[in-house]
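Just so we're aligned, residue 813 is where the sequence shown starts under this note's numbering, counting upward by one.
Glycine is no exception: its CB is placed at the ideal position from the N, C-alpha and C atoms.
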Amino acid sequence: MVPKIHSLGGYIHEFQKSIANPETFWAEIAEGFYWRKRYDKILEWNFEEPSIQWFKGGKLNITENIFERNLYTIGSQPAIIWEPNNPEEQNRILSYNELFEEVNKFCNTLKKLNVQKGDRIAIYMPMIPELTIAMLACARIGAVHSVVFAGFSAASLADRIIDAEAKMVLTADGGFRGEKITPLKNIVDEALESCPGVETVLVYQRTKLPVNMVSGRDIWWHDAIAGQSEECKAEEMDAEDNLFILYTSGSTGKPKGIVHTIAGYMVYTAYTFRNVFQYNAGDVYFCTADIGWITGHSYIVYGPLLNGAKTLMFEGVPTWPDAGRFWDVVDKYKVNQFYTAPTAIRSLLALGMDHINDKDLSSLKVLGTVGEPINEEAWHWYHDHIGRNRCPIVDTWWQTETGGVMISPIPGIIPTKPSFATLPLPGVQPVIVDAEGIELHGNSVKGNLCIKFPWPGIARTIWGDHERFRETYFSNFKSLYFTGDGVQRDEDGYYRILGRVDDVINVSGHRLGTAEIENAINSHPLVNESAVAAYPHPIKGQGIYAFVVCGELSTGGEEGIRKSIKMAVTNLIGPFARPDLIQLVPGLPKTRSGKIMRRILRKVAEGDASDLGDITTLLDEDVVVKIIDGALVEVKR
Ligand code: WTA
């Protein structure tokens, strides 16, 4: 079992131990797992190349640590509690024994279809247990899963399949989301027009939406698994073999395939899950994220299952059939730990108390948030109305690249403060540096958040582009991992995340690169160029404000072009990346050398143009005046 921190003294002790000797600290935790062969070396690293190897030489399989290690004690206990989109439909509860059988059956299916160790499998599925089954089956036979969030468009899915060189795609006919059905298989068909490397598509029937099955390529899931044995020996894997690729947005260029390897990720997600949620045997834990994002990977699938936890998987949306859906689920299953995003809290807060007052939320012990800064109003509402003043809130800061939570209160142990992620977990060594990379010591400082020592869950590379990995995270500040976030350490030494300092926008907890959105907008035939900035949005946290230069207007006029720009973004990325505001402008503010002065656009979007800083290098100041005059938000001059 993974050790659990029980007191403030215990936290301080563990933290100090982890700083004094990180290797032995993590090795003691790694002891609790099942290794086919013990590792030779705990850690080998340098942040220059960078090269990071944890538990080198160790042999294991992560699924043996979920199943074989625990089945004799928890085999008949629920592993996945699945709540469907429609509350009228029958739920599903899979015990660890049942999940194990399903995973094995699917392992044998994949093997029969010629999937080999190291092959990449793209997974584009709704939130159903088969998604988890597929991920674990990949891990068990040594294939590398690359889950793509089922809200991405065909073009984005194709980019990811091509980049990962996936040879198989796992999908469903469709996915239920509230009243809507997403035609997943049709989207896959469209994507595969540009992915000749894909040999097989397995299609799970979820919605009965009619689909076109391409002969020789597409197979119904039920047919493929029929008759497969429920036994499959796990592949022996190297500690540093790849476990999965998950794409995320950066400030430039196309999405990056973040690579996580087996042993370090296993140890880190298991340890952080148990401590951040103070999970106890028998508790019911509910994370509302989609498995298509890192939160779902680490804290619906791997972290909980490695701890033998009961993990609740919810297919639906928070507002259907009504705004009380989350609280219905909490009440129905007597959920003990509840983990969601600030944007969900803000949207439910805005809908009032009618859907909450009649629910029994007394089972809740810990509330969590992740993905974006939580404002104080939302924090207090969550604390008072959902936690009913009894439950500590864990504001967990972390990233796709960190694999698991890095800065967070330990609930009931570290006193919380609204909008603060508080203190680093044991094993995490944050530093704050100024623009020149000078470390800012002491309290009451603000700057760039970096980490100075590796933790087991850190990403190892960007798939197919190690140089980009080095440049993005390890070149800004010497010998430090740079997170891209701004941070404050207050007078008590508590950390508060201030948001991204690069060209990444965080919309409802979804990470989007401005360049990615601009590329999509620029694909519109009438658009000459564009620049995107974030503006404060009451529900989404940040909204997308696009400044667009068009050559001419089509017959639909300004409204028509706005609509078709939104459509272009939906088609190239997905509906969640659609700009909220589109201002048609005569030109963009540029320097004489032709560089867009984004700083100015950010200020306009934020509604404060009173101090634009040095604008002497501007090519044409008049453009700025026109942009401010036509701004879609109120701008202070
Ligand atoms: C932001 C999500 C404030 C941050 C797990 C980070 C947060 C990015 C918090 C990573 C938090 C995440 N408070 N901001 N508690 N958690 N972020 O990769 O900007 O989707 O860099 O991982 O989300 O987003 P990602």
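Taking Phe-918 as the centre and dropping the five residues before and after it, the same chain places the C-beta of Ile-945, Ala-946, Ala-949 and Ile-1037 closer than 7 Å to its C-beta, in chain order. Sorting Ala-1443, Gly-1183, Gly-1372 and Glu-1370 by C-alpha distance to the C-alpha of Val-1319 places Gly-1183 at the top.
Inter-residue distance for Ile-1112 and Phe-988 is about 19 Å (C-alpha atoms, whole angstroms). For secondary structure counted as the beta strand (DSSP E) over 3 or more consecutive residues, the segment 1012 to 1069 holds these complete runs in sequence order: 1012 to 1016, 1030 to 1032 and 1054 to 1060. The three-state reading of DSSP puts Leu-1324 in strand, counting E and B together. For a cut-off of 8 Å, the C-beta gap from Glu-1011 to Met-1049 is around 23 Å, too long to register as a contact. For Met-947, the uninterrupted alpha helix (DSSP H) run begins and ends at 941 to 953, by DSSP.
For Ser-830, the enclosing alpha helix (DSSP H) begins and ends at 820 to 832. The DSSP-derived three-state label of Gly-1311 is strand. Taking all protein chains shown into account, Ala-1332 has 16 or more neighbouring C-beta atoms within 10 Å of its C-beta and is therefore buried. Fully enclosed beta strand (DSSP E) runs of no fewer than 3 residues occupy 1178 to 1182 and 1205 to 1208 of the segment 1169 to 1231, in order along the chain. For Glu-1341, the enclosing beta strand (DSSP E) stretches over residues 1339 to 1349. The Cβ-Cβ distance between Ser-1220 and Val-1243 does not fall below 8 Å. Assigned with DSSP and collapsed to three states, Tyr-1097 falls in strand. Annotation for Lys-853: the continuous beta strand (DSSP E) segment containing it runs 853 to 858.
DSSP, read as helix, strand or coil, puts Tyr-1083 in helix.
In the DSSP assignment, Ser-907 falls within the unbroken beta strand (DSSP E) covering 904 to 907. The shortest CA-to-CA distance from Pro-1337 to any of Ile-1329, Val-1344, Glu-1364 and Gly-1311 is the one to Glu-1364. When DSSP states are grouped into helix, strand and coil, Pro-1116 belongs to the helix group. Around the C-beta of His-1072, 16 or more other C-beta atoms lie within 10 Å, and the residue is accordingly described as buried.
Within its own chain, the residues whose Cβ lies closer than 7 Å to the Cβ of Gly-1386, once the five positions on either side in sequence are excluded, are Gly-963, Phe-964, Ser-965 and Ser-968, listed in chain order. Contact annotation, Val-1416 with Ile-1439: C-beta distance approximately 6 Å; criterion of less than 8 Å satisfied. Within the DSSP bridge table, the entry for Ala-1358 names Val-1344 and Ile-1394 as partners.
Just so you know, the alpha carbons of Gly-1076 and Leu-872 end up roughly 11 Å apart. Not one heavy atom of ligand 1 falls within 7 Å of the beta-carbon of Val-1178. Relative to ligand 1, the beta carbon of Asn-1187 is positioned no closer than 7 Å to any heavy atom. The C-alpha of Ser-1405 is placed about 39 Å away from the C-alpha of Trp-1105. Under the DSSP definition of a beta bridge, Gln-1149 partners with Tyr-1097 and Val-1178.
Comparing alpha-carbon positions, the option among Gly-1296, His-1197 and Asp-852 lying closest to Thr-1212 turns out to be Gly-1296. If you ignore the 5 residues before and after Val-1217, its C-beta comes within less than 7 Å of the C-beta of Thr-1084, Val-1088, Thr-1208, Trp-1210 and Leu-1237, all in its own chain and listed in chain order.
Around the beta carbon of Gln-1354, a 10 Å sphere encloses 16 or more other beta carbons of the protein chains shown; the residue is thus reported as buried. For the pair Cys-1203 and Lys-1229, the CB atoms are not nearer than the 8 Å cut-off. Proximity of the beta carbon of Asp-1314 to ligand 1 is not indicated: no heavy atom of the ligand is located closer than 7 Å. In this structure, the beta-carbon distance from Tyr-1293 to Ile-1270 falls below 8 Å. In this chain, Thr-1234 is not harboured by any alpha helix (DSSP H), its DSSP state being neither H nor E.
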